[in-house]
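Number of protein chains: 2
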Amino acid sequence: MNRKSELEGSIDPEAKVRPIRTITDLARVAGVSPGTVSRALAGKSLVNTKTRERIQALAREHGFQPNQMASKLRRQKTGVIGVVIPLGHDREQQVSDSFFMTLLGHLADELTEKGYDIMLRRVIPDRDEDWLDRFIGSGMIDGVIVIGQSNQFARIEEVADGYLPMVVWGNHQEGQRHCVVGADNRLGGRLAAERLIAAGATRLAFFGDTAPFEFAARYAGACDIANSMGATITAVSTHLSPAQTAQELSRFLAEHHGEIDGVFAASDTIAFTCLQELRKLGIAVPDQIKIVGFDDLPIAEQTLPALTTIRQDIQAGAHGLVDLLLRRLQGEETESLVLPPKLVVRGTA
Amino acid sequence: MNRKSELEGSIDPEAKVRPIRTITDLARVAGVSPGTVSRALAGKSLVNTKTRERIQALAREHGFQPNQMASKLRRQKTGVIGVVIPLGHDREQQVSDSFFMTLLGHLADELTEKGYDIMLRRVIPDRDEDWLDRFIGSGMIDGVIVIGQSNQFARIEEVADGYLPMVVWGNHQEGQRHCVVGADNRLGGRLAAERLIAAGATRLAFFGDTAPFEFAARYAGACDIANSMGATITAVSTHLSPAQTAQELSRFLAEHHGEIDGVFAASDTIAFTCLQELRKLGIAVPDQIKIVGFDDLPIAEQTLPALTTIRQDIQAGAHGLVDLLLRRLQGEETESLVLPPKLVVRGTA
DNA sequence: GTGATTTATGCAAACGTTTGCATAAATGTG
DNA sequence: CACATTTATGCAAACGTTTGCATAAATCAC
C-alpha cells in the first residue's frame, strides 16, 4: 500500500485518502452549504428529495458520519442513557453477580431497540459521595437507570427531587420519592417462608446481608409469616463476595445446622453456595434442611436437587425500567412499578 | 414551593435557583475569566494556587461541573471506550451469556480504574453491515473493545487496517491483522479431548456451533487429539439460545447416546444443559458418558457432579484487553495476547 | 531603579454541528 | 405579466469548552 506516495500527484478520487471529516467538507464536495448537508443527513423534508439523496449517497460513499459530540453539544441531547451500578454495601464482584448481569443484558436489548446508547458506570459510593450527581451533571447522558439501591437510598431520594429522568431498580418503600421498578420483595419473602413452613420447616434461617433494602424487605416478609405461623427465624448476615459467603455459611452451618430446618436465601447465588456447603457437611436437602432461593436464575433448575425459589421476571423488569424512563424523558411523572414475584417449587423445599 | 416568585426580588444567594450552568457563569461569580476557571478546574499549575482553590471550592459549592460534550468536542478526546458485542451467528440471548457478562464485569472494573467510561453497544451485524465503522466513526469513543469475533472475522480485519485503537476478544489465527486477546482455544480443545480419552472415552462428540472461530478452534484441537489417539469425534451443531440448545441436545442424545461415551461441550453453559438432559434420560455421568466443558464459570463447581472443564482466566483476559487497548491509544502497535487455558478436573470426566 | 525573567490572567479562536431567519428560485393565481 | 405563495437553499449565530498567544503584574538580578 503506497497510498501516501499516490496522494500527492493523484487526481483519481478513488485513490486519495478520505479528506471528508466534517459536514463542511462534504458540503464542499456536494456543492451545497453545510446547513443543507446537515438537513439532508438528518433526513429532513425541507431539503429537495433529489439533493438529499445525492448527499446521502455521497456520505455513504465516503463513509462519512457527522461528529456526535458536536451534534450532541448543539442539540443539548445525547441519546445516551446512563446505567450505573452502585457497589455500596459490598464492593467485591457484585457487578459480576448473575442477577445484575442478566438485568443489564435485557436493558441493553431494550435500550438498543429504542435507539439509545448505553453508558455503563460502576461506582463505589463509599469512596465517592457525589457518584450520582456527577454522572447526571456530566452532560453526557439524557437519563439514568440505577441498578440496585444498595445502601444509597437517602442519596437517591435526594437526587430524585431535582432530577426527573431517573429510574431505579430496587425495593419500593411506602412514600418514597424516587421512581423504582422491582419485585415486591416483602411478598416474595412471605411466599418463601410459607413454602418452607408448608414443607415442614419450623426453625428458619435467613441467609444474606440485610442492609440493602431489597434484602431487608425479603427478610421482613419472611418474618411476617414466621411470626404468624409460630415458626422461628433468625437472620445470618453474609457478604456478597462468593468466597466470603461460602466461608461464612460454612462456619455457621457447621456450628448451628442442628438448630435450623429451613433456609431462606436472599438470592439464588447464596442458595447455591448454601447447597454446596450442606453437601460438604453431608446434610440432606430437602430432608434435613429445606432451602428456598430468590431470583430464579437460569441455573436454578440445573442444580441437584433443583432449587425451589422465588422468581423475578427480569425481562419484564428491564422493560419496565426503560418504559418508565422514556416516559420521564417526556416529562411525565411516572409512578413506581412493583412486579409480582412467583414461587417456583422444585426440589429443595 | 414558590421559587419563581422569590426569584425576582430576592438578593439572598441561598434562595435563588442555581444559575451556574457554564464555566462562564462560574467565572462571573468568581470574578475571573472563563479561561482561568477552566484551568483551575483542570487543576493546572498555571493558575495561582489561591485562586485555583477558591474556584474549586466555588464549583463544589454550586455543584458545578463543566459540560462534557463541549469539553470532548474541543479536546477531540472522549475518555470513553466502546464495548461492542456483535451477535452474529445467533442473536438470541447471547448478551446474557454468562461468559460474556462476566468478562464485561471485569472490563468495567479495569476501565473504570483507568478513568475511562464505557459505552456499551449490542449490534446485530447481519442486519447492519457497518456496525463497527459506525461505532468507531461516531466520534463518541476513543477506542473500542469487541467482545467476540462472532462470524465477523473478515469485517474486523478490514477495519483493523485503518484503525489502531481496537482490541478484540476471540481466537488468534495465524497471520491475522487485528489485535486479539483470548485463550488458546485449540490447545484447550486438545486438553479437553486428552482428558476425555484419559478417562476412558473413545467415541467423542463435540457440542456447539462451529461457525464462530473460537468454537471452531476448540473443535479442531479436539480433532487433533482424537485423530492421533485413535478416537472418533463428531460435531453436533447447537445454537446459543438455551432453549434451542436444550431441545437440540435432547433430540440428539435420545437418538444417539449409545454411540458416544464422551462429550466435549463448547462452553460450560452447553455442558450444563447436556448434564441436565443426560440426567433426564437416566444416563450416568461420568460412568456412561463423560463431559468436559469450557470456561470454568463459577457455577461449574456447583453442579453435581461438578463439571470438569477448561478454565479461561477471564480476569486476566479483561486486564489484557484493557492494557493492550491503552497501549494502542498511545500509538503502539501491540501484538495479540494468547492466554493459556487450564484443565480443571472435577467430577464429570 | 532599570531591565530581564517568571507567574498569573485575559482574549479570542477554534472544535463540528444544528437551526431560525432571510433570501432566492420556482410555482401558482388572477 | 405582476404579485402572492410555496419550496429549497444559504448565512450566521449559537452550544460550552479548551488553549495558544499576548499582556499585566510580580519577582529578581545588579
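So the sequence lines, in the order shown, correspond to chains C and W.
So that you can map any letter, position 279 of the first sequence is 329 in my numbering, and since no number is skipped, the others follow by simple counting.
So that you can map any letter, position 140 of the second sequence is 190 in my numbering, and since no number is skipped, the others follow by simple counting.
Glycine is no exception: its CB is placed at the ideal position from the N, C-alpha and C atoms.
Between the region 117 to 127 of chain C and the region 187 to 205 of chain W there are three or more C-beta pairs closer than 8 Å, enough to call the two in contact.
With respect to Phe263 of chain W, Ala316 of chain W sits apart: the two C-beta atoms are not nearer than 7 Å. Between Asp167 of chain C and Met169 of chain W, the C-beta spacing is below 7 Å. Of all alpha-carbon atoms in W:Arg236, W:Pro336, W:Arg110, W:Gly308, the one lying nearest the alpha-carbon of Leu389 of chain W is that of W:Arg236.
Using a Cβ-Cβ cut-off of 7 Å, Phe344 of chain W does not count as an interface residue toward chain C, since no Cβ of chain C sits closer than that to its own. DSSP places Arg104 of chain C in the uninterrupted alpha helix (DSSP H) bounded by 99 to 112. In the three-state DSSP reduction, Arg177 of chain C falls in the coil class, being neither helix nor strand.
Here DSSP, grouped into helix, strand and coil, assigns Ile247 of chain W to helix. Proximity of Gln294 of chain C to chain W, defined by a Cβ-Cβ separation below 7 Å, is not satisfied. Of the residues assessed, Ala276 of chain C falls on the buried side of the cut-off, its CB having 16 or more other CB atoms within 10 angstroms. Measuring C-alpha to C-alpha distances from Asp211 of chain C to each of C:Gly198, C:Gly220, C:Cys229 identifies C:Cys229 as the nearest. Interface criterion met: the Cβ of Arg172 of chain W is under 7 Å from a Cβ in chain C. Per the C-alpha coordinates, the member of W:Ala92, W:Pro391, W:Gly155, W:Leu387 positioned closest to Val217 of chain W is W:Leu387. Annotation: the continuous alpha helix (DSSP H) that includes Ile73 of chain W extends over 73 to 80.
For Pro136 of chain W, DSSP records a beta bridge to W:Val173. Across the structure, Phe114 of chain W and Val231 of chain C are spaced so that their CA atoms are roughly 30 Å apart. In the DSSP annotation of this structure, the continuous segment of the beta strand (DSSP E) that includes Ile197 of chain C starts and ends at 193 to 197. Leaving aside the five residues that flank Thr295 of chain C on each side, the residues in its chain whose CB is nearer than 7 Å to its CB run, in chain order, Thr288, His289, Ile320, Thr323. Look at the region 265 to 280 of chain C: it has no residue with a C-beta under 7 Å from a C-beta of chain W. Your pair Pro355 of chain W and Val342 of chain W does not check out as a contact, with CB atoms roughly 12 Å apart and the cut at 8 Å. The shortest CA-to-CA distance from Arg361 of chain C to any of C:Thr162, C:Ser95, C:Gly132, C:Lys392 is the one to C:Lys392. Spanning the alpha carbons of Val87 of chain W and Gly129 of chain C requires a straight line of approximately 29 Å.
When secondary structure is reduced to three states using DSSP, Thr295 of chain C falls in the helix class. In terms of beta-carbon proximity, Phe257 of chain W stays away from the interface with chain C, with every pair separated by 7 Å or more.
Among the CB atoms of chain C, one or more fall inside 7 Å of the CB of Ser188 of chain W. Bridge partners of Leu161 of chain W according to DSSP: none are assigned. Within 8 Å of the CB of Asn221 of chain C, no CB atom of chain W is found; the nearest one sits about 23 Å away. A residue is called buried once 16 or more other Cβ atoms fall within 10 Å of its Cβ, and Lys330 of chain C, having fewer, is exposed. Taking C-alpha positions only, Arg78 of chain C is separated from Arg102 of chain C by approximately 15 Å.
Among the residues facing chain C, Ala158 of chain W is included, as its CB has a counterpart in that chain under 7 Å away.
If the five residues before and after Gly381 of chain W are omitted, its C-beta is found closer than 8 Å to the C-beta atoms of Leu214, all from its own chain and listed in chain order. Fewer than three pairs of CB atoms, one per stretch, sit closer than 8 Å, so the region 200 to 208 of chain W makes no contact with the region 236 to 255 of chain W.
Listed in chain order, the alpha helix (DSSP H) runs fully inside the region 203 to 230 of chain C are 203 to 212, counting runs of at least 4 residues.
Taking a Cβ-Cβ cut-off of 7 Å, the neighbours of Gln115 of chain C in chain W comprise Arg184, Gly187, Ser188, given in sequence order. Exclusion of the five residues before and after Glu351 of chain W leaves Leu357, Arg396 as the residues of its chain whose Cβ lies within less than 8 Å of its Cβ.
Residues of the region 318 to 345 of chain C that bring their beta carbon within less than 9 Å of a beta carbon in chain W comprise Thr319, Phe322, Thr323, Leu325, Gln326, Arg329, in sequence order.
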